[in-house]
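Notes follow the structure.
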Amino acid sequence: MRQVRIQDAPIEPSLWYATAAPAPRTEALTDRIQADVCVIGGGYTGLSSALHLAEQGVDVVLLEAKEIGHGGSGRNAGHCTPTFHFYEIPAIRKMLGEPYASRLIARQTNAANLVFDLIRRYDIDCEGVQTGYVQAAHAPGVLSKMRARCGYYQSLGKATRMLDRDEVAQLTGSPRYHGGWFHPEGGHLNPLGLSRGLARAVLSRGGRVFTQSPVTAISPEAGRWRVEAPQGAVLADKVICGTGAYTTGFWPRLEKTFSTLGVAVMATQPIGDNLRKVIAPNNNTVVDSRADAMIYKYNKEGRLVTSAFVEGRRGRDVAFTKALMREKLKWLLPQLTEVDWQYYWLGALDMQPRTIPRLFDLAPGVVASLGYSGRGVPTGTMMGSVLAEWAPLYMNFAPRLFLAWSRIRDQRLARAGGANPPPF
Ligand SMILES: Cc1cc2nc3c(=O)[nH]c(=O)nc-3n(C[C@H](O)[C@H](O)[C@H](O)COP(=O)(O)OP(=O)(O)OC[C@H]3O[C@@H](n4cnc5c(N)ncnc54)[C@H](O)[C@@H]3O)c2cc1C
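If you want the working numbering, it's the 1-based position in the sequence shown plus 1078.
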């Protein structure tokens, strides 16, 4: 078995590649151009940053190494879940303190609404449905924790509710669960369709998008930043890096700030109408409470899409993984007598212990947002809107900060090289 780096796995075998609405026409950067802001990465973080900036009239250029949605944003499982995926709300409050905790909680818990609002506003063709999220309890022992979780989201004004054993069986189609909870703001979509639709929206707002333009370096030039690609460059006041798990070495050690976890995603044959009436009949997005969760949703053709973390043989040995996941799904949904995995692909997650987004202030005017550790459909889109607020604000005082930073850097460089810098 040949071991490929997960980030190098192709996107072409994915269901989304076969079914997403086409990408807008874009080309490689072959010129030296200028912009207020240069965004690196054509995933949700980069696209949402570029879109929210373009909406404010900011002159924005986005550079993508391959194609729009080449990274996690084009190959994920398509669940748009409006919660934190690891920490409970009180733990976030404790971890971040105020006012940061309340700000992040407000943004993250409204992030699914932001995604579906963009889909509606820009008429994005991506199978987007906000039909609700079901989290099912795999053991009775997790129900008290779920009750508390459901309550935390209720206290934020969300119409969440607990599900008893019968209702969870009816909503999931599985007799294996002991109850659960429901969040009406969850939904699901075709992730590559969303990425491509966001790129189209950026263009419609006057933003410029270049693909096949991998950034190789960022360096200061005349009080601005020069963002280098093989055949061209962008001179910009600010740079936003949204390169996720697919980050290449354009900024020292940025790719070392996370570890990579592979995810295998697969899709069945279209499920017949009779079965669709009993398996996830409300077209919800379904996940269970296991750490190694079972998770499923339909695509527009009625295929069940599920995923599993890559671990040992699982994910890398395709026949083994398909057999394992077939057994798991059949156990979960006994009505499903036939499971024919017709699509199978891999993607990479940018994992770090805190699991909430990490914002890196790399240099004055250069930021990176990554390390989402999953749940990037809402989180990446939400972080884009945050970064788009930062950038114009930053323009007002960036030149002074930049000068101060450059002075310190030049002095350090001089000292490190044995030179005797002046005392100012
Ligand atoms: C298989 C899988 C399943 C998942 N399932 C879900 C799910 O169901 N729901 C959910 O919410 N989240 C899910 N996630 C997570 C989610 O997809 C990611 O968190 C999210 O897409 C990250 O978006 P991003 O824009 O930060 O990065 P990405 O989408 O990874 O985009 C980064 C982009 O930067 C580009 N790039 C990298 N280096 C350079 C460079 N030097 N120059 C120019 N461009 C560069 C890459 O080519 C890439 O297109 C899943 C992820 C995977 C991999």
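Cβ coordinates follow ideal geometry from the N, Cα and C atoms, glycine included. As the structure is a prediction and not an experimental result, all values here were calculated from the model.
Test item: CB-CB of residue i and residue j under 8 Å
| i | j | result |
| --- | --- | --- |
| V1445 | W1468 | yes |
| S1092 | R1181 | no |
| Q1139 | R1286 | The question names Gln, but residue 1139 in the sequence shown is Val. Contact: yes. |
| L1427 | V1341 | yes |
| H1527 | C1158 | This structure does not reach residue 1527, given that the chain is present from 1079 up to 1502, and the question cannot be answered. |
| S1385 | A1155 | yes |
| P1456 | P1160 | yes |
| W1303 | A1295 | no |
| G1271 | A1098 | yes |
| M1460 | R1283 | no |
| Q1413 | I1373 | no |
| Y1231 | A1345 | no |
| W1329 | I1089 | no |
| T1250 | A1300 | no |
| C1204 | N1268 | yes |
| Y1450 | G1462 | no |
| V1312 | I1167 | no |
| E1263 | A1190 | yes |
6 Å Cβ shell around residue i - same chain, five flanking residues per side excluded
| i | result |
| --- | --- |
| L1402 | none |
| A1508 | Because the chain here runs from 1079 to 1502, residue 1508 falls outside it and cannot be looked at. |
| H1216 | D1366, S1367, R1368 |
| A1143 | P1292 |
| Y1178 | none |
| V1343 | A1155, S1385, W1423 |
| L1234 | T1187 |
| C1116 | V1139, V1305, V1312, A1314, V1317 |
Cross-strand partners of residue i (DSSP beta bridge)
| i | result |
| --- | --- |
| W1423 | V1343 |
| F1288 | E1105, L1141 |
| T1459 | Looking at the DSSP assignment, T1459 forms no beta bridge with any residue, so it has no partner. |
| M1389 | A small correction: the amino acid at residue 1389 is Glu; Met does not occupy that position in the sequence shown. DSSP lists R1392 as partners of E1389. |
| P1298 | W1303 |
| K1316 | V1115 |
| Y1211 | H1261, T1363 |
| F1398 | According to DSSP, which records beta bridges pairwise, F1398 is partnered with nothing at all. |
| D1439 | V1445 |
| H1266 | H1157, V1207 |
| D1428 | T1338 |
| M1240 | W1259 |
| A1311 | R1110, E1306 |
Residues near residue i in its chain [Cβ-Cβ closer than 7 Å; skip 5 each side]
| i | result |
| --- | --- |
| L1465 | S1127, I1318, V1445, S1447 |
| T1321 | I1118, G1119, L1448 |
| D1109 | G1310 |
| M1079 | Interpretation of M1079 is limited by its pLDDT of 46, a score under 50 that renders its predicted location unreliable; the figure taken from the coordinates is listed afterwards. Only R1394, D1395 meet the Cβ criterion. |
| L1437 | V1445, S1447 |
| K1408 | L1414, V1417 |
Cut-off 8 Å between Cβ atoms - residues of its own chain near residue i, not counting five sequence neighbours on either side
| i | result |
| --- | --- |
| R1243 | Y1255, H1256, G1257 |
| R1404 | V1417, W1419 |
| M1224 | Q1213, A1215, M1240, G1257, G1258, W1259, S1367 |
| L1192 | P1456, T1459, M1460, S1463 |
| N1498 | A1492 |
Contact with chain D by residue i, beta-carbon distance below 8 Å
| i | result |
| --- | --- |
| A1101 | In the displayed structure, chain D is absent; only one protein chain is listed. |
Give a yes or no on contact between the segment 1196-1205 and the segment 1260-1276, applying the rule of three or more CB pairs nearer than 8 Å. yes
For the pair the segment 1139-1151 and the segment 1115-1126, tell me if three or more CB-CB distances fall below 8 Å. Contact between the segment 1139-1151 and the segment 1115-1126 is present, because at least three Cβ pairs lie under 8 Å.
Where in the segment 1328-1384 do unbroken runs of the beta strand (DSSP E), each at least 3 residues long, occur, reported from the N-terminal end onward? 1337-1348, 1363-1366, 1373-1376
Inter-stretch contact (C-beta, 8 Å, three-pair minimum) for the segment 1101-1112 and the segment 1284-1299: Verdict: yes, contact present.
Touching by the beta-carbon criterion (3+ pairs, under 8 Å), the segment 1338-1358 and the segment 1371-1386: yes
Sequence ranges, alpha helix (DSSP H) only - wholly within the segment 1140-1216, length at least 4: 1150-1153, 1167-1174, 1178-1187, 1189-1199
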